[in-house]
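To keep things clear, I will list the structure first and then write my remarks on it.
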């Protein structure tokens, strides 16, 4: 309950400054600071007997007490009349909210909030970090806000458990860590999530994170039940993209979504959501992602979505992908698709199984179909940088070929990175195995000449979307069977012969073959 922590504010010192950015914030004068502090102490003192109330009841009482306090203590004459509105908001934030962080929680343009001790609060806005003038009054003030965040989840933070992950009611993800582990004082990191989930159109046209061709290809991969790994660094948009990809899953399929801390916003009807439980004071209370993946296999899923693979659960995820749960999705931290494959190997070894490296690589090659690489450019913008297909294994090396790649052209005077996502001209092998009558409607996606400088498709079949949807929802025996690609030897001639070549050579030969096909 929020009331359980109200008394802690009586010990707080000088009222912190509020607002941002620093260049636009007028510093509050000492008289207003003293006025707000007086009202806060008076209201908190009156609420000492209100323990055990619900949050809604407490909020109603606090609002009434604020009105009474303002009536009893009129604003000093030299203060602006509209200062009363700011004072009311300040008191609500301090007594019921997250104090100086509430300004940024209300700002929809802020993606992340970082507290480095009581004196430094940073925000990420429009992809760039800003130091704000908002401050906490002391380390105790920061701890009080942390405890307020953790209270609804029933979690605590102390010297015995000095760090914790949690989420707010709006879905925002929170990490907190305190001394002695943090040498800069209590630290808070809040990753905010959009109240309205982003769509593929947002990524293409609003943020220009990818082109329409890439979007159509990823949609095709999801509908054809390809196993997809979204790779990228911290805060590169992996979770956002994973959430968008999940919207392409048929409503007739059963999905089990597994997360360490719930972040995804899935809307399917037949959806089961599982969340890991952190280790508390007793290790036996911990429930890991790996435990949940094993349980998910007993829940008759059509697809399994793991928010992020970080360790031993990777082995179980790969086995699920390879044993009838096609179309599964996950993310991981890596700086490139090549690094993503290496990290998959490392995380499988973390499971403690005695498997030779070749067996692990064979498992990866047979389980993962597509790797999507996200990244943040120098200007802070998130972009889809590369899409590769895993085509098999040769000479103990997982073979891949690049389908799309981002090419940086220059950096403008404004600091913006100017670049473009290009198709490489390579047609994915899973489409090569399909009858040409089916694949021809997608050929324009992989032709570099069909994408203009403004990221729009120059030439495409007018009925492409309708054809795609009809072909996928009403598959014939020759094209799709239960969502899987049927084998057609006549369409795979040439690729099988090139199996022993490097991914670079595969790209070149596939490109030449694709050009011959377009001429025909």
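Numbering (the numbering used here), first residue to last: 1105 to 1624.
By construction, the Cβ of each residue, glycine as well, lies at the ideal position given by its N, Cα and C atoms.
Item to check | Limits of the unbroken alpha helix (DSSP H) element including residue 1100 | outcome: This structure gives no information on residue 1100, because the portion of the chain shown stretches from 1105 to 1624.
Next on the checklist: By DSSP's criteria, residue 1360 is part of a beta bridge. Which residues make up the other side?
Outcome noted: 1376, 1408
Item to check | Classification of residue 1161 by the beta-carbon crowding that lies within 10 angstroms, buried from 16 upward | outcome: exposed
Item to check | Opening and closing residue of the beta strand (DSSP E) in which residue 1215 lies | outcome: 1214 to 1220
Item to check | Cα-Cα separation, residue 1229 to residue 1281 | outcome: 23 Å
Checklist entry - When the distance is taken between beta carbons, is residue 1350 closer than 8 Å to residue 1368? => result yes
Checklist entry - Any idea what DSSP makes of residue 1418, helix, strand or coil? => result helix
Next on the checklist: For residue 1523 and residue 1488, I'd like the C-alpha separation in whole angstroms.
Outcome noted: 11 Å
Item to check | Cβ-based neighbour list, residue 1552, same chain, cut-off 8 Å, excluding 5 preceding and 5 following | outcome: 1526, 1527, 1528, 1529
Checklist entry - Are the C-beta atoms of residue 1306 and some chain B residue less than 8 Å apart? => result No chain B appears in this structure, which consists of one protein chain only.
Checklist entry - For residue 1464, which residues from the same chain have a beta carbon less than 6 Å from its beta carbon, with the 5 sequence-adjacent residues on both sides left out? => result 1449, 1452
Next on the checklist: Given a cut-off of 8 Å on the beta-carbon distance, is the pair residue 1392 and residue 1417 in contact?
Outcome noted: yes
Next on the checklist: Check for me: the alpha helix (DSSP H) holding residue 1226 runs from which residue to which?
Outcome noted: Counting along the chain, residue 1226 falls outside any alpha helix (DSSP H), though it belongs to the beta strand (DSSP E) covering 1225 to 1229.
Next on the checklist: If we require 4 or more residues per run, which alpha helix (DSSP H) segments fall completely within the stretch 1517 to 1560?
Outcome noted: 1533 to 1536, 1540 to 1543
Checklist entry - Can you name, in chain order, every residue of its own chain whose Cβ lies under 8 Å from the Cβ of residue 1267, other than the five neighbours on each side? => result 1261, 1279, 1280, 1281, 1282, 1285
Next on the checklist: Please report the straight-line C-alpha distance between residue 1187 and residue 1336, rounded to a whole angstrom.
Outcome noted: 45 Å
Item to check | Cβ-based neighbour list, residue 1440, same chain, cut-off 8 Å, excluding 5 preceding and 5 following | outcome: 1335, 1477, 1490
Checklist entry - Roughly how many angstroms lie between the CA atoms of residue 1210 and residue 1241, to the nearest whole one? => result 21 Å
Checklist entry - What residues in its chain sit with their C-beta under 8 Å from that of residue 1372, if we drop five residues either side in the sequence? => result 1350, 1353, 1355, 1357, 1359
Checklist entry - Are residue 1424 and residue 1397 close, meaning C-beta to C-beta below 8 Å? => result yes
Checklist entry - Are the beta-carbon atoms belonging to residue 1238 and residue 1290 less than 8 Å from one another? => result no
Item to check | Pair within 8 Å by beta-carbon distance, residue 1408 and residue 1362 | outcome: yes
Checklist entry - Got a sec, what are the start and stop residues for the beta strand (DSSP E) residue 1458 sits in? => result Element bounds for residue 1458: n/a, residue is neither H nor E.
Checklist entry - For residue 1276 versus residue 1250, is the C-beta spacing smaller than 8 Å? => result no
Checklist entry - Around the C-beta of residue 1436, are 16 or more other C-beta atoms found within 10 angstroms, so that it is buried, or is it exposed? => result buried
Checklist entry - Using the rule of at least 16 other Cβ atoms within 10 Å of the residue's Cβ for burial, across every protein chain shown, is residue 1320 buried or exposed? => result buried
Next on the checklist: In the DSSP output, what is residue 1515 paired with across the bridge?
Outcome noted: 1521
Item to check | Closest residue to residue 1173 among 1142, 1467, 1521 (Cα-Cα distance) | outcome: 1142
Next on the checklist: On the CB-based measure, 16 or more other CB atoms within 10 Å of its CB, does residue 1471 come out buried or exposed?
Outcome noted: buried
Checklist entry - Roughly how many whole angstroms lie between the Cα atoms of residue 1222 and residue 1328? => result 51 Å
Item to check | Straight-line Cα distance separating residue 1315 from residue 1496 | outcome: 27 Å
Item to check | Buried/exposed call for residue 1573, threshold 16 Cβ in 10 Å | outcome: Here the model assigns residue 1573 a pLDDT of 45, short of 50, so the residue's position is not dependable, and the following value carries that caveat. Per the 10 Å Cβ criterion, exposed.
Next on the checklist: Tell me which residues share the same chain as residue 1473 and place their Cβ nearer than 8 Å to its Cβ, disregarding the 5 neighbours each side in the sequence.
Outcome noted: 1325, 1330, 1331, 1332, 1493, 1494, 1534
Next on the checklist: Quick check on residue 1505: buried or exposed, where buried means 16 or more other Cβ atoms within 10 Å of its Cβ?
Outcome noted: buried
Item to check | Proximal residues to residue 1481 (C-beta, below 7 Å), its chain only, five neighbours per side dropped | outcome: 1487, 1521
Checklist entry - What do you reckon, are the CB atoms on residue 1419 and residue 1446 nearer than 8 Å? => result no
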